[in-house]
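With numbering that gives the first Met the number 0 applied, the sequence shown corresponds to residues 0 to 274, in that order.
Note that beta-carbon positions come from the ideal geometry of N, C-alpha and C, so glycine has one too.
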Amino acid sequence: MSEEIRRMLPNLRSLLNLRRFAAVVFLLSFAGAAQAGWDTLNMPVGVTEVSRIVYDLHMLIFWICVAIGIIVFGAMFYSILMHRKSRGVTASTFHESTTVEVIWTVIPFIILVAMAVPATATLIKMEDSGESEMTIKITGYQWLWRYDYLDHDFGFYSFLATSREAIRDQAEKDENYLLEVDRPLVIPTGTKIRMLVTANDVIHAWWLPDLALKRDAVPGFINELWTLVETPGIYRGQCAELCGRDHGFMPIEVHAVPPDAYRAWVEEQTASATE
Ligand SMILES: [Cu+2]
C-alpha cells in the first residue's frame, strides 16, 4: 500500500461511517413515520367550528415559524459559507447601528401583533359560553369522571371499561384499549352545551381533542367549557393532568347523538333514576 493511500484511509473510513450513519437516520425516520402515520403527527382538525378555527390558527402560526426559520437559518448559513475567513473576507464593524436596532425591533413587533390578532379572536370565541342551551357538570375523581345533567337532575359515574386482563396483557387489546368507558357522556348534536369542570380530590383535566376541549378540573373551583357538535359520532379523550396512580385509566368517551335520540335517552335515564 502506498504512503498516499495509507494517509487517506482514516478519512475514507470516517466518510463511510458518516454515510452509514446518515442512511440509518434516514431509514429510522421513515420507520417512525410509518408507525405513527403522518396524519397523527399533527393535531387533529376536529369536528366543531372552534376546533377548526384552533387548527387553522395552529397552522398559521406554524407556517409563520417555518418562514422565520428559513429566513434566519438561510441568512446564517449563507453568511457562514460566503463570508468565511478562508475566502479572505474581513468582518464588517457596524456596532451600535441605530438602523439595525430599529429594524430588529420593529419586524418582530409586527410579527407578534400579526400573530396576536387571530389568536385573541380565537381565544375570545373559545371562552364565550353565552347563549348555551344546556349545562353539564363534569367532576374528576381518582380515577373516574362523573357527569351531572343539571337541566334534568340526573347524573352518573363513568368508569374505564377495558378489562384488567387486557391491561395485564392476559387478553386481547381492542381498538379502543384504555379509551372506553361503561357509561359514556351523551350529548345532543346542533346544541350549544356549557360544561362546568371541577374535581373532588386532586387536579384532573378534561381533554377531548376532537372537540378542541381541554380544561383543568380543580377541587373547589369551577371552570367553564362549551361545545357545539354538528356531526353525530363517538369522540374519545383522556385525563390530561397527572392525578395519581391510575391517571391513565380514566378515559373520556362522548357520544354525540341527534336531538331526538338524545331526548329519548334522557327519558330513559330519568325513568330509571326515579325507579
Ligand atoms: Cu385525572
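When DSSP reads this structure, ALA216 sits in a beta bridge with HIS203.
Three or more Cβ pairs closer than 8 angstroms define a contact, and the stretch 37-46 falls short of that threshold against the stretch 89-106. DSSP, read as helix, strand or coil, puts VAL44 in coil. Relative to ligand 1, the nearest heavy atom lies less than 7 angstroms away from the CB of GLY139.
For MET194, the beta-bridge partners assigned by DSSP are ILE135, LEU224. Taking all protein chains in view, the Cβ of PRO183 is crowded by 16 or more other Cβ atoms within 10 Å, so the residue is classified as buried. Excluding the 5 residues flanking it on each side, ILE110 has same chain C-beta neighbours closer than 8 angstroms at ILE63, ILE67, in chain order.
Closest option to ASN222, judged by alpha-carbon separation, among CYS238, VAL185, LYS213, VAL196: VAL196.
Around the CB of ILE186, 16 or more other CB atoms lie within 10 Å, so the residue is classed as buried. By the Cβ neighbour-count rule, LEU224 is buried, with 16 or more other Cβ atoms within 10 Å of its own. Counting only the Cα atoms, ASP259 lies some 33 angstroms from ASN199. A residue is called buried when at least 16 other Cβ atoms come within 10 angstroms of its Cβ; GLY243 does not meet this threshold and is exposed. Short of 7 angstroms from the beta carbon of GLU179, and not among the five residues preceding or following it, lie these beta carbons of its own chain, in chain order: ALA160, THR161, PRO250, GLU252. When Cβ pairs closer than 8 angstroms are counted between the two stretches, the stretch 133-146 is seen to touch the stretch 156-176, the count reaching three or more.
Within the model, the alpha-carbon separation for GLU266 versus PRO257 is close to 15 angstroms. The Cβ atoms of LYS191 and SER131 sit closer than 8 angstroms to each other. Judged by DSSP secondary structure, ALA160 falls outside any alpha helix (DSSP H); it is assigned neither H nor E. With 16 or more other CB atoms across the displayed protein chains lying within 10 angstroms of its CB, LEU210 is buried. Taking 8 angstroms as the cut-off, the Cβ atoms of LYS136 and LEU149 count as close.
For TRP142, the secondary structure class from DSSP, reduced to helix, strand or coil, is coil.
Nearest Cα to TYR234 within the set SER78, PRO117, TRP205: TRP205.
Non-local beta-carbon contacts of ASP215 in its own chain, meaning distances under 7 angstroms to residues more than five positions away in sequence, involve ILE202, ALA204, ASN222, GLU240 in chain order. Here PRO208 is not near GLY247, since their CB atoms are 8 angstroms or more apart.
Judged by DSSP secondary structure, GLU252 falls within the beta strand (DSSP E) whose first and last residues are 251-256. With distances taken between CA atoms, GLY232 lies nearest to ALA255 out of VAL217, PHE76, CYS238, ALA255. GLU171 sits close to ALA165, with the two beta carbons spaced by under 8 angstroms. The Cβ neighbour count for TYR261, taken over all protein chains shown within 10 Å, is at least 16; the residue is labelled buried. The bridge partners DSSP lists for PRO187 are VAL256. As the crow flies, the alpha-carbon of THR134 is around 11 angstroms from that of THR226. No heavy atom of ligand 1 is found nearer than 7 angstroms to the CB of GLU223.
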